[in-house]
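In UniProt numbering, the protein residues as written are 1 to 331. Below you'll find the structure, written out as structure tokens, and then a few comments.
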């Protein structure tokens with residue numbers, strides 16, 4: 001016969017009585033109130049309901065992003081590995097206030113800055129004489145005397161500011177042989193003297209800066225077309241003059257003359273006393289950045305900036321003594 005009475009609780013002896021615990025407070029006997037789930041709770045519930053699919057998608061996206069990043073870094077690293085490493089020396093940054101240079105270049109310190117003439121010697125320092133030695137029928141002393149005469153004439157003709165503006169050219173003319181002076185004097189009214197002498201146009205003036213000079217001098221013993229023995233001296237110089245200008249562009253105030261001149265002194269045994277001394281056999285020149293109207297008269301004045309000629313587009317060519325002076329007329 002089955003007994004339908006409840007089976008005794010095997011742990012009843014271990015459960016403390018209400019008297020032992022004391023009276024349970026009333027608020028513990030009440031059921032917990034239902035609280036409306038918040039936004040965070042709803043999100044957690046939603047994630048919980050779709051944990052399988054959504055979590056899997058999130059993991060896939062994270063893995064893709066990770067491998068994409070690693071792949072990108074790996075490609076960049078590969079590219080760097082393929083290219084040779086470049087050396088870039090660095091210095092530690094100083095402590096304190098700092099300033100970086102601006103993109104604008106500093107203003108030019110002088111009129112020749114920014115042109116090849118900035119590295120040329122100043123004035124007569126650029127006229128160096130070769131060592132004098134016996135050449136053909138000319139003694140060492142005769143060679144030295146001729147070289148000294150040519151240098152003195154160059155200084156007067158191209159560097160003497162008093163001569164540049166003098167009413168007459170006698171400061172230079174009297175340095176030639178007596179028989180040569182008339183021809184030299186006649187070169188000035190026609191403008192031919194501009195190939196070997198500097199004369200400023202009315203109103204033109206130079207800055208206080210010394211002209212810059214670069215070139216060379218050579219000599220040889222030869223004969224002229226009349227068979228007279230002569231010591232021929234060839235000078236090849238670039239003369240750069242600075243004129244006042246408001247232009248900030250380097251070189252805009254620089255006028256350049258490049259000349260080659262063949263000077264000579266005849267052997268004293270072959271000529272009369274009046275013909276003994278300095279002569280000019282030939283002179284050629286090229287001028288840039290010049291006023292063309294003044295050039296037609298053999299005078300110098302600053303013109304429009306224009307270095308180089310149509311046959312030589314290099315703007316620095318006119319500063320090079322090794323370049324030809326036989327360039328097309330740009331005036």
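Even glycine gets a Cβ: it sits at the ideal position worked out from N, Cα and C. No experiment lies behind these values; they were computed from the predicted model shown.
Asked, Found
"Could you tell me which whole beta strand (DSSP E) segments of length 3 or greater appear in the segment 188-257?", "212-223, 229-242"
"Do you know how far the Cα of residue 255 is from the Cα of residue 241?", "5 Å"
"Which word fits residue 231, buried or exposed, when buried means at least 16 other C-beta atoms lie within 10 angstroms of its C-beta?", "buried"
"Using only the alpha-carbon positions, how far apart do residue 177 and residue 151 sit?", "15 Å"
"Could you give the first and the last residue of the continuous alpha helix (DSSP H) run that contains residue 165?", "161-165"
"Cβ of residue 130 within 7 Å of Cβ of residue 217?", "yes"
"Whether or not the segment 126-145 and the segment 256-264 are in contact is what I'm after, with contact meaning three or more pairs of Cβ atoms, one per stretch, closer than 8 Å; do they touch?", "no"
"Quick one, are the C-beta atoms of residue 119 and residue 191 less than 7 Å apart?", "no"
"To the nearest angstrom, how far is the alpha carbon of residue 115 from that of residue 166?", "30 Å"
"When you compare the CB positions of residue 207 and residue 250, do they come within less than 7 Å of one another, or not?", "no"
"What's the C-alpha gap between residue 148 and residue 266?", "15 Å"
"Which word fits residue 247, buried or exposed, when buried means at least 16 other C-beta atoms lie within 10 angstroms of its C-beta?", "exposed"
"Identify which residue in 111, 220, 204, 327 has its Cα closest to the Cα of residue 229.", "220"
"Within the same chain, show all residues whose beta-carbon is closer than 8 Å to that of residue 325, passing over the 5 residues directly before and after it, in chain order.", "258, 259, 260, 284, 285, 286"
"Residue 131 by DSSP, collapsed to three states: which one?", "coil"
"Alpha carbon to alpha carbon, how far is residue 333 from residue 301?", "Not covered by the structure: residue 333. The range shown for the chain is 1 to 331."
"If I measure Cβ to Cβ from residue 117 and keep anything under 7 Å in the same chain, skipping five residues before and after, which residues do I get?", "212, 240, 254, 319"
"For residue 261, write down the residues that DSSP places opposite it in a beta bridge.", "235, 283"
"Let's test the definition: count the other Cβ atoms within 10 Å of the Cβ of residue 182 and tell me whether it reaches 16, buried, or not, exposed.", "exposed"
"For the ligand ADP, any of its heavy atoms closer than 6 Å to the Cβ of residue 291?", "As presented, the structure is devoid of all ligands, the ligand ADP included, so that no description of it is given."
"Give me the residue from 295, 275, 252 with the minimum Cα distance to residue 316.", "252"
"Residue range of the alpha helix (DSSP H) that residue 389 falls in?", "Lying before the first or after the last residue shown, residue 389 is absent from the chain, which here runs from 1 to 331."
"Please classify residue 299: does DSSP put it in a helix, a strand, or coil?", "coil"
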